[in-house]
Amino acid sequence: MSDVREWSRNDAARFFRAPTVEDDKYSRGVVGVRTGSAAYPGAAVLGVEAAWRTGAGFVRYVGAPSAVAAVLSRRPETVGGPDAGRTRIGAWVIGSGTNPDDRSATEAQALREIVGGDVPVVIDAGALDLAPTARVPFVATPHGREFARLRERIGIDGASDDLADVRAVSAAIDGVVLRKGARTVLAAPDGTLIAVEAGTGWLATAGTGDVLGGIVAAVIAANPDSPLVESAAAAVWLHGHAARIAAAATAGASGHPIVALDVAETLPRAVADLLS
């Protein structure tokens, strides 16, 4: 498919800027996080960490009570508890580290309110079942197996062309689809296709998708007037660039193993490099 846009460093750089004297914590972007569970509290920690280190000015965690202590221990700047409409959330990330089979009635209602609202949402992992009925602008972030399940859920047969597959699912659910992989492919309902090859094989480790969710939400919150698919592509590029730096896989080097928190901790260096 010839109409795919290959995302570049210059494309990504447009979505990041240094704060000015006119900025405050709200203008830098406010992220709401409803991720993690008793079984996977680390997903909440990783997403919150990533949102902060991408440059969010305010992060509110409203996820599993069992994960709150871990989140605040790692990132005490984070505000815990319900939003109550006071913090001007610019983007949500939901689903990372959760299992829809374990979803309580209270949790289901909270998620329905988020995907039925008017604030853009990053829908990951255990919340992907909500994407087909979401009314809010959203970015769904499945990996390959999750993408196959999503496609089956909406009754679309797999195509021989991976790009056509992602585009078809995006059109069917009327939202941006970001299919994660060594070559991440993004599609928007208007037919836009973007491919991002900016990472390293060392990213194939647990938790890096949770980090990506936080990055995507932070970039969306900081760029409210930009197309979601482009904000998401910029986030994917930054995620891959941070991983390359963390793994020392730059300038042709093979690099070394990393863990997800290494990627999150390296995000400020990756942003600084983009701004240089």
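Numbered per numbering that gives the first Met the number 0, the sequence shown spans residues 0 to 275.
Idealized CB from N, CA, C, for every residue including glycine.
Since we're looking at a predicted model, the values are computed, not measured.
Contact between V70 and V47 holds, since their C-beta atoms are separated by about 5 Å, short of 8 Å. Per the coordinates, the alpha-carbon of G115 lies some 6 Å from the alpha-carbon of A133.
Positions of the alpha helix (DSSP H) runs, each at least 4 residues long and wholly inside the stretch 121-186, are given as 143-152 and 161-172 in order along the chain.
A37 sits in coil when the DSSP states are folded into three classes, being neither helix nor strand.
Per the Cβ contact rule, the stretch 116-123 is not in contact with the stretch 153-169 (fewer than 3 Cβ pairs under 8 Å). D189 counts as exposed, since fewer than 16 other C-beta atoms from the protein chains shown sit within 10 angstroms of its C-beta.
For L192, the uninterrupted beta strand (DSSP E) segment begins and ends at L192 to V195. Between L192 and T183, the beta carbon gap of about 12 Å keeps them out of contact (Cβ cut-off 8 Å). Comparing alpha-carbon positions, the option among V30, G180, V270 and A241 lying closest to I257 turns out to be A241.
Straight-line measurement puts the Cα of A42 at about 23 Å from the Cα of A197.
The straight-line gap separating the alpha-carbon atoms of D209 and L45 is approximately 6 Å.
Judged by DSSP in its simplified three-state form, R87 adopts coil rather than helix or strand. Listed as beta-bridge partners of G79 by DSSP are Y60. For G28, the closest C-alpha among the options R268, A252, A163 and V218 is that of V218. Taking the CA atoms as reference points, R74 sits about 28 Å from G180. Contact between G254 and A247 holds: their C-beta atoms lie close to 5 Å from each other, under 8 Å. Within the DSSP secondary-structure output, V30 pairs in a beta bridge with V58 and A90. Pairing A130 with I172 gives a Cβ-Cβ distance under 8 Å. For T204, no alpha helix (DSSP H) encloses it, and the DSSP letter there is neither H nor E. By the neighbour-count criterion, in which 16 or more other beta carbons inside 10 Å mark a residue as buried, G96 falls on the buried side.
Under the DSSP definition of a beta bridge, E5 partners with A194.
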